[in-house]
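S.K.: Quick note on my numbering: the sequence shown kicks off at 109 and runs consecutively. A virtual CB, placed ideally from N, CA and C, is assigned to each residue, including glycine. I'd like to ask you about the structure that follows.
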Amino acid sequence: MSSEDTLSHPHIEVLAGLQKSLSHPSCISRIGSIGLNKLLFFPCVSQLATPKRKLSEGGAGEKWRSRNALAIVNGHNKNSEWNGAQYLLCTSLDMNQSSDGCVKKVSSVNLDKLINDFSQIEKKMVETAGRNNILNMQLEKANCLLKGMQTNEASLKEECAALHNMVKGLQQTIEYQHNLKGKNEQLKRNADLMKEKLKSHEQEYKNSIAKLVSEMKIKEEGHKTELRKLCQDMQKKVELNEEKNKELVKKMEMEISELNAKLRIQEKEKQTEIIKLQLEFDAKLARVQTKPKSYPDSTVLPQSIYRRKLQHLQEEKNKEIAALRNTIRDLEQRLSVGKDPHLKLFQLQVVLASVGSS
Numbered sequence: 109m110s111s112e113d114t115l116s117h118p119h120i121e122v123l124a125g126l127q128k129s130l131s132h133p134s135c136i137s138r139i140g141s142i143g144l145n146k147l148l149f150f151p152c153v154s155q156l157a158t159p160k161r162k163l164s165e166g167g168a169g170e171k172w173r174s175r176n177a178l179a180i181v182n183g184h185n186k187n188s189e190w191n192g193a194q195y196l197l198c199t200s201l202d203m204n205q206s207s208d209g210c211v212k213k214v215s216s217v218n219l220d221k222l223i224n225d226f227s228q229i230e231k232k233m234v235e236t237a238g239r240n241n242i243l244n245m246q247l248e249k250a251n252c253l254l255k256g257m258q259t260n261e262a263s264l265k266e267e268c269a270a271l272h273n274m275v276k277g278l279q280q281t282i283e284y285q286h287n288l289k290g291k292n293e294q295l296k297r298n299a300d301l302m303k304e305k306l307k308s309h310e311q312e313y314k315n316s317i318a319k320l321v322s323e324m325k326i327k328e329e330g331h332k333t334e335l336r337k338l339c340q341d342m343q344k345k346v347e348l349n350e351e352k353n354k355e356l357v358k359k360m361e362m363e364i365s366e367l368n369a370k371l372r373i374q375e376k377e378k379q380t381e382i383i384k385l386q387l388e389f390d391a392k393l394a395r396v397q398t399k400p401k402s403y404p405d406s407t408v409l410p411q412s413i414y415r416r417k418l419q420h421l422q423e424e425k426n427k428e429i430a431a432l433r434n435t436i437r438d439l440e441q442r443l444s445v446g447k448d449p450h451l452k453l454f455q456l457q458v459v460l461a462s463v464g465s466s
């Protein structure tokens, strides 16, 4: 219920004639310690008494009175008795100026009932004032709480922004880790596939190595058989060549013996020729000596010439004999020292060719 409802029109009519009834002794005793002088000298009385309005003016005057009375009561609600008396005095003065008909009605009013009504009104006004104070305190508390909530809201907004950024960072890290996990799983799969491929390749290589080893063994056996065959063939060929070489050596020995015989015969022939020449020379010397010595100088010259010729022939024959002997020795040494029968045969052929050409 508002303050205007507490001071409605019937209450104002009841309080209209209080000015004349305040002089009654019973009313003064009931008011108590509040005096009429204080009521008359209250500063707000002039505000209510100055406008000279009548009740016949309508609701505007009544509203003005009720509002001023409420303003006085709300402004001084701490001293309830003083405010109540002030309110009664002001309203009674205003009502006295308004109409004489209202005074007649107030004279017949019961003062006990009026005071009780006034006390109830005062209680209601006090209650409303207390409620207003409580509401003001609650409003102040609400404003303080609102300010605190606003500050908390600002801090919470900042914290929410920071948390939002943190959540974004965490989402990015989680996405990165998820991508890394996917990559790691893919790499693990690739590694497993590579291991399987390596195992298959190793098995293939082992199989191929085993095949190659078996093929190598087979080829080694084939090579061994071929080497044996070749060795046998070479032995046969060597034996044949040795036989041929032996035959050639025999032939060469025969030829050498023939050459030695020829050399001996040639030496004998040369010796016989030398002897013949010596004999001829001796015979010529004897003839020359038997002839008369008419020309001693002419006989000396042909003797020296013959001697020189003989010496020259002897030297040439000796050289030829030495050369033949040297060739025979070389042939014998080659036959005895030479290891390769092919080389022996070749050397013998060369020697024989050289001897034949000479």
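Can at least three beta-carbon pairs, one atom from the segment 379-397 and one from the segment 342-362, be found at a separation below 8 Å?
M.R.: Because the criterion of three Cβ pairs below 8 Å is not met, the segment 379-397 and the segment 342-362 do not touch.
S.K.: Measuring straight from C-alpha to C-alpha, what distance separates M274 and Q280?
M.R.: Spanning the alpha carbons of M274 and Q280 requires a straight line of approximately 10 Å.
S.K.: Can you give me the Cβ contacts of Q441 inside the same chain, cut-off strictly under 6 Å, excluding the 5 residues immediately before and after it?
M.R.: Here the set comprises nothing.
S.K.: How far does the alpha helix (DSSP H) with N368 in it extend, from its first residue to its last?
M.R.: Where N368 is concerned, the enclosing alpha helix (DSSP H) starts and stops at L219 to T398.
S.K.: Mind checking T236: buried by the 16 CB within 10 Å criterion, or exposed?
M.R.: buried
S.K.: Confirm, please, whether the CB-CB distance from L371 to L421 is below 8 Å.
M.R.: no
S.K.: Can the beta-carbon of I429 be found closer than 8 Å to that of N368?
M.R.: Not a contact, by the Cβ cut-off of 8 Å.
S.K.: Do you know how far the Cα of I223 is from the Cα of Q246?
M.R.: 34 Å
S.K.: What is the rounded straight-line gap between the Cα of L253 and the Cα of N260?
M.R.: 10 Å
S.K.: Here's a check: name, in chain order, each residue in its chain whose Cβ is nearer than 7 Å to the Cβ of I364, leaving out the five neighbours to either side.
M.R.: I436 and L439
S.K.: Rounded to the nearest angstrom, how far is the Cβ of L418 from that of L385, given a contact under 8 Å?
M.R.: 6 Å
S.K.: Is it true that the CB of K425 sits closer than 8 Å to the CB of K378?
M.R.: yes
S.K.: Do you know offhand how far H286's Cα is from K276's?
M.R.: 15 Å
S.K.: By a C-beta neighbour count over all protein chains shown, 10 Å radius and 16 as the cutoff for buried, is I413 buried or exposed?
M.R.: exposed
S.K.: Taking just the CA atoms, how far does S263 sit from K249?
M.R.: 21 Å
S.K.: In whole angstroms, give me the CA-to-CA distance for K296 and K319.
M.R.: 34 Å
S.K.: Within 10 angstroms of the Cβ of K212, are there 16 or more other Cβ atoms? Answer buried if so, exposed if not.
M.R.: Bear in mind that the predicted position of K212 carries a pLDDT of just 44, short of 50, making it too unreliable to give a figure here.
S.K.: Please go through the same chain and pick out, in chain order, the residues whose beta-carbon is closer than 7 Å to the beta-carbon of D300, but skip the five residues on each side of it.
M.R.: none
S.K.: Alpha carbons only, please: which of K427, F389 and Q258 is nearest the one belonging to R416?
M.R.: The alpha carbon of R416 has as its nearest neighbour, out of K427, F389 and Q258, the alpha carbon of F389.
S.K.: At the level of alpha carbons, what is the spacing between N298 and R336?
M.R.: 55 Å
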